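Numbering (the working numbering), first residue to last: 160 to 348.
Even glycine gets a Cβ: it sits at the ideal position worked out from N, Cα and C.
Just so we're clear, the structure is a prediction, and the values are computed from it rather than from any experiment.
Following: one structure in structure tokens, then a few remarks.
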Amino acid sequence: MKKFKNKDLAARLGVSGTLVSLVLNNKADQHGIRKETQEKVWAMARQMGYFSTQEEKGEKPPHDEKPGIIGMIVPSFGNSFVQSITPYLQKSFHSIGLGFSIITKDPDDQRYDRMIGSFKKFFSGLILMGETADDQTIRALRSASYPFILLEKSSKTGRLSTVNTDIAAGIRLVADHVHKLGYKNIIIA
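Quick look at the structure:
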């Protein structure tokens with residue numbers, strides 16, 4: 160089979176080799192390349208046999224390897240913390256060219272256990288919030304070498320990436336503020 164070159168694809172489409180490279184490496188959104196142009200590049204790449212060439216080398220096509228979306232698994236949409244951080248997460252991920260999606264986990268839902276294996280197809284990584292980071296989920300994700308972090312959940316088992324609110328620092332800030340205002344004998348109910 161003939162070796163595939165980005166410049167051949169670029170010449171057929173009448174675009175630059177850089178544009179083709181950005182699309183095939185999932186960086187097109189970061190550089191403002193229109194969706195219809197991206198689709199044309201993907202379609203021509205398939206037609207020219209780009210993906211079969213990669214499979215011969217034992218590589219995965221880039222769009223299969225990196226979906227470009229970060230998923231966050233939450234106990235419920237009604238959680239005020241989730242509602243408050245979601246816009247900031249969306250904005251931050253969008254600024255680096257990643258999508259963001261939220262999934263709820265019902266602790267009684269047996270389908271969730273089967274879904275864990277499918278996450279890799281849809282998400283480049285996961286954020287597990289609070290009680291959604293149970294031992295079974297963590298074991299399954301670690302055994303698949305799947306990237307994830309724990310949000311508002313500490314783990315005593317193994318070395319895991321975690322992000323937690325510093326409650327002690329928050330309490331100190333409140334106490335200092337109340338003291339500066341001159342209040343004494345405060346009762347917190």
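Check whether the Cβ atoms of residue i and residue j lie closer than 7 Å to each other.
i    : j    : result
L310 : M288 : yes
F259 : I229 : yes
I130 : I262 : This structure does not reach residue 130, given that the chain is present from 160 up to 348, and the question cannot be answered.
P226 : S304 : no
G132 : D188 : A query on residue 132 cannot be resolved here, the shown segment of the chain reaching from 160 to 348 and no further.
E290 : P246 : no
Which same chain residues, not among the five before or five after residue i, have their C-beta less than 7 Å away from its C-beta?
i    : result
L172 : K199, V200 and M203
A292 : L309 and K312
S302 : none
G176 : N165, K166 and A169
Who are the Cβ neighbours of residue i in its own chain at under 6 Å, not counting the five residues just before and after it?
i    : result
K339 : none
G341 : none
H222 : Per-residue confidence for H222 stands at a pLDDT of 47, beneath the threshold of 50, marking its modelled position as unreliable; the derived number appears in the next sentence. Excluding sequence neighbours, H222 sits near nothing in its chain.
L248 : F259
For residue i, count the other beta carbons within 10 Å of its own beta carbon; 16 or more makes it buried, fewer makes it exposed. Which is it?
i    : result
S320 : exposed
L183 : buried
F240 : exposed
N165 : buried
L181 : buried
L332 : exposed
I330 : exposed
V179 : buried
Taking 6 Å as the cut-off, is the C-beta of residue i nearer than that to any heavy atom in the ligand ATP?
i    : result
R331 : Looking for the ligand ATP in the displayed structure turns up nothing, as the structure carries no ligands at all.
I'd like to confirm the pairing. Which residues does DSSP put opposite residue i in its beta bridges?
i    : result
S260 : G230
F309 : Strictly speaking, residue 309 in this sequence is Leu, with Phe absent from that position. Beta-bridge pairing links L309 to L287 and T321.
Excluding the five sequence neighbours on either side, which residues of its own chain have a C-beta within less than 8 Å of the C-beta of residue i, listed in chain order?
i    : result
K279 : A303 and Y305
Is there a C-beta anywhere in chain C that falls below 7 Å from the one on residue i?
i    : result
R205 : Absent from the structure: chain C. Only one protein chain is present.
inquiry  = Quick check on the DSSP output: what are the complete alpha helix (DSSP H) runs of length 4 or more inside the segment 172-205, in order along the chain?
reply    = Correct list: 176-183.
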